[in-house]
Amino acid sequence: MKKLNIKNIKINGRKINSNMVIGASILLVLTIVVLVSLFYTPFDPEGMNVSLKNAKPSMTHFFGCDQFGRDTFSRVMVGIRNTFLISVATVFIGVVFGMIIGSVCGYFGGMVDEILMRINDALYAFPSVLLALVVISLLGTKTTNVMIALGIAFIPSFARMVRGEYIKQKEMDYVKKARLIGASHFRIIFVHILPNITPVLLTSVIIGFNNAVLAEAGLSYLGIGVQPPDASLGRMLSESQSLLFTNPWCAIFPGLVILLLVLGFALLSEGLSSEE
Amino acid sequence: MKSNLIYFAKKLLVMIVTLIAVSFLVFLAFEIIPGDVAVSQLGTEATPERVAALRHELGLDRPFLVRYGDWILSYIKGDFGTSYSYHIPVSSMIAQKIPITLAMSLIAFVITIAISLPLGVEMAKRVGSKVDKCVYTANQVVMSVPEFFLGIIITYVFGLVLHWFKPGGYVSYNVSFGRFIGYLIFPSIAIAFPKIAMTVKLLRSSIITESKKDYVRTAYSRGNSTTQVLYKHVLRNAMIPVVTFLGMVFTNMIAGSIVVEQVFNIPGLGRILLTSISNRDYPVTQAIILLIAALVIVVNFIVDIIYHILDPRVGGDK
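Protein chains in written order, with the numbering used here: chain W, 9 to 284; chain S, 114 to 431.
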């Protein structure tokens, strides 16, 4: 029997970089689709056409049509745009508040840090979709509320990560020297330490996007978020579910696109974290 | 032995404090919602006198902390309040649904452990081989599949094409326990699959990290075979991060089951949670959220205990 082989991990090292390339390319293509969808979709995503009801995929309608005769491809384009928009807002809220809470807690420590982190840990253990559902039940099911709800649900993980980094960094010499030349705490937190944690922050932002896309898709599948007739990938899946037997492509294509989006972010973060 | 007891007591105390803190947060969150419950319940019939009367009847005119104390005590007694929309006790609404969601999460959890642990160990043994690369790539893809999409694919392939089960043909556990479990297997697989991929990946990399450490070389030099080193020394240490992760997996499975229930048309906790959210039926939402939160905290407590058994250094007497 062979010994536990350690050297071969290098093979994975090379493979992980191809992860980054594939992930970035997937995301690039999807970003281009989003940009194009701002100006052009092959058909009106909300335009119904009785004669095209449940049409099969063809050269004119790449992904076929749904039960109202709407072009699935055009709706998927708009759906990716909505998912992008919500994910960006979600990650933005999570990062900004997570940064502030995490940096202050990590840098200053003490009682406030202790209390905030206990609450943070309890929230962190709570599944983010459920946390978002709590906030939505308080605010209502509008799109902006989904952004706020998911954003809040993502704060604990960012805060935890940023705090850990600040605790590591504040013991370093450059921070002590900055204190000696009289830099303010505010300046040290944002001008001196922040640039040093960007690589770690970047990786967790990408992971954040990965989770945000999954959570948004899950919520919109449940009918929470983007409201009809505006297209959303999750809702397209739930709408086409009853027609699954006769018309599977209406569910399969939007589902595959969600999968691609998540996969793109997953591969990118995998590649980035192995670069460090 | 004594240090074990102290550790256990300490963790128990932390668990109780966290439970109180979280229940307070849940109570507070539903206190600050805009709009008066009495006004919204009375609707168009809301005159100032009637609102005041209803507020008194519901006990809303008492101080905040008194109401919190009352609320939490009645929860401990098993009284979860009355639903706004159905006017029946919340406890009777959710008591029947808890076994469904819990059974689904448990089956998914068992599937995850049964597949991911052997597979993760096997992959770590074959690092760099063709099989390892294939599984690694497949893992990346499976990890990215949303549970509800997997559920839809399973419904299509196994339900509609192969006829292994009847989509939407859920059987209550009161009718036939066997058929109940039989129906839940498919949604459980949908919940379990992405988690299996994540666990395999974590276990594999955890074993690889452990096997680079000095004690492994020492174990080999004492004449142990690879199997002995792996199962007696490496695996025990490699399991530590995996146990923490599995704890999170279980709580996430409850969240996942709420979504997947909708795919397979199962009348579990998820269905009531969603209806209560759209009806603004706060006592129901509050009860379900608090219940899940309590479950999460208890699971974390169990994880801490297992953690301590696996690695007695953690949290021991210093």
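Cβ coordinates follow ideal geometry from the N, Cα and C atoms, glycine included.
Alpha-carbon spacing of Gly233(S) relative to Gly190(W), whole angstroms: Roughly 52 Å separates the two Cα atoms.
Contacts of Leu267(W) in chain B (Cβ-Cβ under 8 Å): Among the chains of the structure shown, chain B does not appear; the protein chains present are W and S.
What did DSSP end up calling Thr195(S) once you bin it into helix, strand or coil? Strand at Thr195(S).
For Asn287(S), count neighbouring C-beta atoms within 10 Å of its own C-beta (all shown protein chains included) and say buried if the count is 16 or more, exposed if not. Exposed, because fewer than 16 other Cβ atoms sit within 10 Å of the Cβ of Asn287(S).
Below 8 Å, can you find three or more Cβ-Cβ pairs linking the stretch 417–427 of chain S to the stretch 220–236 of chain S? Contact between the stretch 417–427 of chain S and the stretch 220–236 of chain S is absent: fewer than 3 CB-CB pairs across the two stretches fall below 8 Å.
From Ala274(W), Pro256(W), Thr254(W), Ser192(W), pick the residue whose C-alpha is nearest to that of Val221(W); which is it? Between Val221(W) and the set Ala274(W), Pro256(W), Thr254(W), Ser192(W), the nearest pair of CA atoms involves Ala274(W).
Return the bridge partner residues of Asp79(W) from the DSSP annotation. In DSSP, Asp79(W) forms a bridge with Cys73(W).
Take Gly102(W) and list the residues in its own chain whose beta-carbon comes closer than 7 Å to its own, dropping the five residues that flank it on each side. Here the set comprises Gly159, Phe162, Ile163, Phe166, Gly216.
Return the CA-CA distance between Glu179(W) and Thr388(S), expressed in angstroms with no decimal places. The straight-line gap from Cα to Cα measures roughly 51 Å.
In terms of residue numbering, what span does the alpha helix (DSSP H) encompassing Lys64(W) cover? Premise fails: Lys64(W) is in no alpha helix (DSSP H) and is neither H nor E.
Consult DSSP for Pro300(S) and reduce its assignment to one of helix, strand or coil. Here Pro300(S) sits in helix by DSSP.
Could you check where the alpha helix (DSSP H) with Gly383(S) kicks off and where it finishes? Here the alpha helix (DSSP H) through Gly383(S) covers 382–392.
Excluding the five sequence neighbours on either side, which residues of its own chain have a C-beta within less than 8 Å of the C-beta of Val183(W), listed in chain order? Gln177, Ile196, His200, Ile201.
Kindly indicate the opening and closing residues of the alpha helix (DSSP H) around Pro207(W). From DSSP, the alpha helix (DSSP H) with Pro207(W) extends over 202–229.
Indicate the three-state DSSP secondary structure (helix, strand or coil) for Pro202(S) in the structure shown. Correct three-state label for Pro202(S): strand.
Burial state of Ser319(S), where buried means 16 or more other Cβ atoms lie within 10 Å: Around the beta-carbon of Ser319(S), 16 or more other beta-carbon atoms lie within 10 Å, marking it buried.
Within 10 angstroms of its Cβ, does Met119(W) collect 16 or more other Cβ (buried), or is it exposed? Under the 10 Å beta carbon count, Met119(W) is surrounded by fewer than 16 other beta carbons and is classified as exposed.
Less than 9 Å separating the beta-carbons of Glu260(S) and Gly226(W)? Yes.
Helix, strand or coil, according to DSSP, for Ile422(S) in the structure here? Note: Ile422(S) maps to helix in three-state DSSP.
Taking the runs of the alpha helix (DSSP H) that are 4 residues or longer, which of them lie wholly in the stretch 103–169 of chain W? Here the runs fully enclosed are 118–133, 136–147.
Got a sec? Which residues, its chain only, sit under 6 Å from Asn392(S) by beta carbon, not counting five neighbours each side? Setting aside the 5 residues that flank it on each side, Asn392(S) is surrounded in the same chain by Ser198, each with a C-beta closer than 6 Å to its C-beta; the list follows chain order.
Closest by CA to Trp277(S), which one among Ile298(S), Ile419(S), Val397(S), Ser218(S)? Trp277(S) has its Cα closest to that of Ile298(S), out of Ile298(S), Ile419(S), Val397(S), Ser218(S).
For Asn255(W), the three-state DSSP class (helix, strand or coil): Note: Asn255(W) maps to coil in three-state DSSP.
Does DSSP put Ala407(S) in a helix, in a strand, or in coil? The answer is helix: DSSP assigns Ala407(S) an H, G or I state.
Between the Cα of Ile133(S) and the Cα atoms of Ile201(S), Ile410(S), Val416(S), which residue gives the shortest distance? A check of alpha carbon separations from Ile133(S) across Ile201(S), Ile410(S), Val416(S) identifies Ile410(S) as the nearest.
Report the rounded CA-to-CA distance for Leu171(S) versus Gly291(S), giving the unit in angstroms. For Leu171(S) and Gly291(S), the distance between alpha carbons rounds to 43 Å.
Closest Cα partner of Arg126(W) within the set Ile129(S), Asn378(S), Lys326(S), Phe121(S): Measuring C-alpha to C-alpha distances from Arg126(W) to each of Ile129(S), Asn378(S), Lys326(S), Phe121(S) identifies Ile129(S) as the nearest.
Kindly indicate which three-state DSSP category Phe363(S) falls into: helix, strand or coil? In the three-state DSSP reduction, Phe363(S) falls in the helix class (H, G or I).
Using a beta-carbon distance below 9 Å, is Leu138(S) in contact with chain W? With 9 Å as the cut-off, Leu138(S) counts as an interface residue toward chain W.
Using a Cβ-Cβ cutoff of 9 Å, what residues of the stretch 369–392 of chain S are near chain W? List them in chain order. Those residues of the stretch 369–392 of chain S that come within reach of chain W (Cβ to Cβ, closer than 9 Å) are Gly369, Ile371, Val372, Gln375, Val376, Gly383, Leu386, Leu387, Ser389, Ile390, Ser391.
At a Cβ threshold of 9 Å, is Ile185(S) touching chain W? No, no contact with chain W.
Report buried or exposed for Gly429(S), applying the criterion of at least 16 other Cβ atoms within 10 angstroms of its Cβ. Confidence at Gly429(S) is low in this model, with a pLDDT of 46, below 50, so the placement of that residue should be treated as unreliable; the coordinate-derived value is given next. Its Cβ having fewer than 16 others within 10 Å, Gly429(S) is exposed.
Work out the CA separation of Ile294(S) and Leu77(W) for me, nearest whole Å. The sequence given here places Gly at residue 77(W); Leu does not occur at that position. Cα to Cα, the separation comes out at about 39 Å.
8 Å Cβ cut-off: residues of chain S touching Ser282(W): Those within 8 Å of Ser282(W) in chain S number zero; the least Cβ separation is about 11 Å.
Measuring only the C-alpha atoms, how far is Met352(S) from Leu316(S)? Straight through space, the alpha carbons of Leu316(S) and Met352(S) are spaced by roughly 7 Å.
For a cutoff of 9 Å on Cβ pairs, would you count Val144(W) as touching chain S? According to the sequence shown, residue 144(W) is Ile rather than Val. Cβ-Cβ to chain S under 9 Å: yes for Ile144(W).
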